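See below for the structure under consideration.
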Amino acid sequence: MMLDLNYFPGRYSISSTPQGRLLAITASLLLARLIIQTLCPLLGILAKWILIGRCRPGTHSMWGPYHTRWWLVQKITSSPCTGLGVFDATDTSRVLYHRLMGASIGAGVTLHPTAPLAEQDLLTIGDGATLGQKVICRPFAVERNTTVCLAPITIGKNASIGLASIIAPGAVVPDDCCIGPNSSSCWVCWGWSWLSRRASRMPRC
């Protein structure tokens with residue numbers, strides 16, 4: 001004689017009702033999403049340190065050994081599966097992610113979700129700095145379609161980078177400097193005085 005344990009008093013199977021099955025499926029999907037968004041960014045960080053280590057400033061031949069490893073790291077860390085995942089939740093978590101990737105970022109830094117960073121080893125961002133929406137801050141450039149140039153970027157304390165502005169490789173943004181929307185760090189390099197004003201005298205970008 002076979003016994004059906006479902007008939008024993010006090011036993012309840014979550015899959016015995018449609019509502020229970022729906023709850024089980026929903027919980028499984030949420031758990032899987034959480035695991036993927038937590039583990040995949042960590043795998044991307046690990047791949048970066050294994051494949052390329054710290055980014056070396058200078059010029060490198062396109063599709064040479066170093067550029068190929070750099071390209072692989074970019075593809076891995078920018079894919080939808082890896083990306084920032086759960087690290088994209090808050091400014092604090094984004095800062096943590098980029099620090100794990102090698103960036104030197106001070107306290108109280110604001111990073112907009114649409115301001116992607118890469119080559120973090122070559123990034124130095126001072127305390128209280130703000131990178132606005134769609135800011136491009138990459139220590140990477142291509143020269144004559146034959147070489148790749150990597151140059152460090154330094155953003156000073158309390159500097160503010162406005163909407164869709166570009167920070168070029170090798171740029172140094174002074175402390176308390178405000179770069180307005182749709183601008184370029186080239187203006188800073190050329191020494192335009194209106195960019196050197198104190199941010200306290202200008203509206204935050």
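Just so we're aligned, residue 1 is where the sequence shown starts under UniProt numbering, counting upward by one.
Every residue gets a Cβ at the ideal spot worked out from N, C-alpha and C, and that includes glycine.
Model, not experiment: these values are computed from the prediction.
Three-state class that DSSP yields for residue i in the structure shown
i           : result
T17         : coil
V73         : helix
residue 229 : Any question about residue 229 goes unanswered here, given that the chain covers just 1 to 205.
V135        : coil
C186        : helix
S196        : The predicted position of S196 is uncertain, since its pLDDT is 40 and thus under 50; a value taken from the coordinates is nonetheless stated next. S196: coil per DSSP, three-state reduction.
I167        : strand
S79         : coil
G58         : strand
C178        : strand
Member of the options whose CA lies at the smallest distance from the CA of residue i
i    : options              : result
R138 : H60, L150, L42       : L150
T68  : T77, L51, C186       : L51
C55  : D88, I105, V73       : V73
G108 : G85, L117, R94, D121 : R94
C177 : L23, T130, V86, T90  : T130
W66  : T147, A27, S183      : Sequence check: residue 66 is Tyr here, not Trp. Nearest of T147, A27, S183 to Y66, Cα basis: T147.
G128 : V135, A103, L111     : L111
D88  : L117, W70, T17       : L117
Residue i, enclosing alpha helix (DSSP H) - first and last residue
i    : result
T92  : 91 to 100
L163 : L163 -> no alpha helix (DSSP H), and no H or E assigned at all.
Straight-line gap, residue i to residue j (C-alpha atoms, nearest Å)
i    : j    : result
R204 : P181 : Note that R204 has pLDDT 42, beneath the 50 cutoff, so the model's placement of it is unreliable and the number below is only indicative. In a straight line, the C-alpha of R204 is about 11 Å away from that of P181.
S61  : W49  : 21 Å
I167 : T114 : 15 Å
F8   : T92  : Confidence at F8 is low in this model, with a pLDDT of 44, below 50, so the placement of that residue is unreliable and no value is reported for it.
L195 : K157 : At L195, the pLDDT of 38 sits below 50, so the modelled position is not reliable and the matter cannot be decided from this model.
L23  : L34  : 16 Å
P57  : R144 : 18 Å
N-terminal and C-terminal residue of the beta strand (DSSP E) that residue i is part of
i    : result
E119 : That residue, E119, is in no beta strand (DSSP E); it is neither H nor E in DSSP.
L150 : 147 to 150
A129 : Segment: none, A129 is in no beta strand (DSSP E) and carries neither H nor E.
V142 : 140 to 143
I155 : 153 to 155
Rounded distance between the beta-carbons of residue j and residue i, thought under 8 Å
i    : j    : result
M101 : I153 : No, M101 and I153 are not in contact; Cβ-Cβ is about 14 Å, not under 8 Å.
A164 : S185 : A164 to S185, Cβ: 13 Å. No contact.
I155 : G126 : 6 Å
The ligand HEM heavy atom lying under 6 Å from the CB of residue i
i   : result
T38 : With respect to the ligand HEM, the structure offers nothing, as it holds no ligand at all.
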